[in-house]
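Visitor:
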Amino acid sequence: MRDRYHNDLDKVVDRLLQLFDNVESSISQATRALLEADLETAEQVIAGDQATDTLCREIESIAIDLQMRQQPVAYDLRLLLTAQRIVGDLERSGDLAKNIAKQARRRHPDHVVPDQMRHTVAAMGKAAESLLHKAHQVFANEDAELARRLDVEDDYMDALHRELLADVIASSRTEAVETAVDLTLIGRFYERFADHAVAIARQVVYLSTGELA
0 MRDRYHNDLD KVVDRLLQLF DNVESSISQA TRALLEADLE TAEQVIAGDQ ATDTLCREIE
60 SIAIDLQMRQ QPVAYDLRLL LTAQRIVGDL ERSGDLAKNI AKQARRRHPD HVVPDQMRHT
120 VAAMGKAAES LLHKAHQVFA NEDAELARRL DVEDDYMDAL HRELLADVIA SSRTEAVETA
180 VDLTLIGRFY ERFADHAVAI ARQVVYLSTG ELA
């Protein structure tokens, strides 16, 4: 019975690491679809979100079942609670990647991002990938020290977001209203993506120390 219990705990961790991989791939592909007006890649991100959602449900189901049947305590309980919270952040992150891909699909074959703002949006995409990758490492290695350093990269994302909004305002006389709306939404999507990565890292601090970050 205990062997099954520990196998199920391992399954939660394994599935969660797979979920990190899925969402990392989604945000990378979504940024490429956005910057390159790549319809095929955009469609892949949108369709792939269903697999992400299914994996989220599987992890939640196992975690809830373990809590009900085994009544875990101490570290094991923190692991299951942390996993459920991280699943929520990753599911919403996957939705944000899907939203970015949908923006690319809606404007195809046109580019959503004007040439003068491509550098900023590309930097936001790279920052989002970096933050989630580090959150992945934080969880995989239970690295509380790295977790605490993610706030610095989040500040960088916030600075890029402000830069994008300033560019949108400055170009409001030359760009269509639709473009301004799209870019405002895209900036918000990337900013929220970063927020979820930081939230994940803080959950790992709780997992490792039992203290809320």
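Start counting the sequence shown at 0; every next residue gets the next number (numbering that gives the first Met the number 0).
Using N, Cα and C, we set each Cβ at its ideal position, and we do this for glycine too.
Nothing here was measured: the structure is a model prediction, and the numbers come from that model.
1. Ignore the nearest five residues each way along the sequence and tell me which others in A122's own chain have a CB closer than 8 Å to its CB.
2. Please confirm if L145 has its CB atom under 8 Å from at least one CB of chain D.
3. One question on the structure: do R218 and A146 come within less than 8 Å of each other, judged by their Cβ atoms?
4. Return the CA-CA distance between A50 and K97, expressed in angstroms with no decimal places.
5. Can the beta-carbon of L15 be found closer than 8 Å to that of I85?
6. Which whole runs of the alpha helix (DSSP H) in the segment 63 to 124 are 4 residues long or more, in chain order?
7. Give a yes or no on whether the C-beta atoms belonging to C150 and V197 are separated by under 8 Å.
8. If you draw a straight line from the C-alpha of E152 to the C-alpha of I58, how long is it?
9. Can you have a look at A200 and say buried or exposed, based on whether 16 or more other CB atoms are within 10 angstroms of its CB?
10. Are the segment 108 to 116 and the segment 176 to 187 touching, with three or more C-beta to C-beta distances below 8 Å?
11. Between which two residues does the alpha helix (DSSP H) carrying S207 extend?
12. Let's see if you can read the secondary structure: which residues bound the alpha helix (DSSP H) around E162?
13. Quick check: the Cα distance between H118 and I63, rounded to an integer number of angstroms?
14. If we ignore side chains and look at the alpha-carbon of each, how far apart do M67 and Y205 end up?
15. Determine the direct distance from the alpha carbon of L18 to that of D52, and round the result to whole angstroms.
16. Taking buried to mean at least 16 other C-beta atoms within 10 Å of its own C-beta, is A46 buried or exposed?
17. Check whether the segment 17 to 31 and the segment 69 to 80 touch, using three or more Cβ-Cβ pairs below 8 Å as the test.
Guide: Reading off the structure:
1. Counted from its first residue, the sequence shown places residue 122 at position 123. The answer, listed in chain order, is L159.
2. Going by chain labels, chain D is absent from the structure shown, which holds only one protein chain.
3. Outside the modelled stretch of the chain, which goes from 0 to 212, sits residue 218, for which no answer is possible.
4. Indexing the sequence shown from 1 puts residue 50 at position 51. Indexing the sequence shown from 1 puts residue 97 at position 98. Each residue's Cα considered, the two are about 12 Å apart.
5. The sequence position of residue 15 within the sequence shown is 16, counting from 1. The sequence position of residue 85 within the sequence shown is 86, counting from 1. Yes, these two residues count as a Cβ contact at 8 Å.
6. Entirely contained in the segment 63 to 124, the alpha helix (DSSP H) runs reaching 4 residues are, in chain order, 73 to 106.
7. Against the sequence shown, residue 150 aligns to sequence position 151. Against the sequence shown, residue 197 aligns to sequence position 198. For clarity, residue 150 is Asp in the given sequence; the question names Cys instead. Cβ atoms of D150 and V197: closer than 8 Å.
8. Taking the sequence shown and counting its residues from 1, one reaches residue 152 at position 153. Taking the sequence shown and counting its residues from 1, one reaches residue 58 at position 59. Those two C-alpha atoms are separated by around 28 Å.
9. Mapped onto the sequence shown, residue 200 falls at position 201. Flag for A200 reads buried.
10. yes
11. Within the sequence shown, the letter at position 208 stands for residue 207. Start and end: V176 to T208.
12. The count along the sequence shown starts at 1 and reaches residue 162 at position 163. Looking at the DSSP string, the run of the alpha helix (DSSP H) that includes E162 is A143 to A169.
13. For the purposes of this step, residue 118 is identified with residue 119 of the sequence shown, where counting begins at 1. For the purposes of this step, residue 63 is identified with residue 64 of the sequence shown, where counting begins at 1. If you take the alpha carbons of H118 and I63, they lie about 44 Å apart.
14. Counting from one through the sequence shown, the residue named residue 67 turns up at place 68. Counting from one through the sequence shown, the residue named residue 205 turns up at place 206. Answer to the nearest angstrom: the Cα atoms are 22 Å apart.
15. For the purposes of this step, residue 52 is taken as residue 53 along the sequence shown, with counting starting at 1. For the purposes of this step, residue 18 is taken as residue 19 along the sequence shown, with counting starting at 1. Computed Cα separation, rounded: 9 Å.
16. Within the sequence shown, the letter at position 47 stands for residue 46. Exposed: under 16 other Cβ atoms inside 10 Å.
17. no
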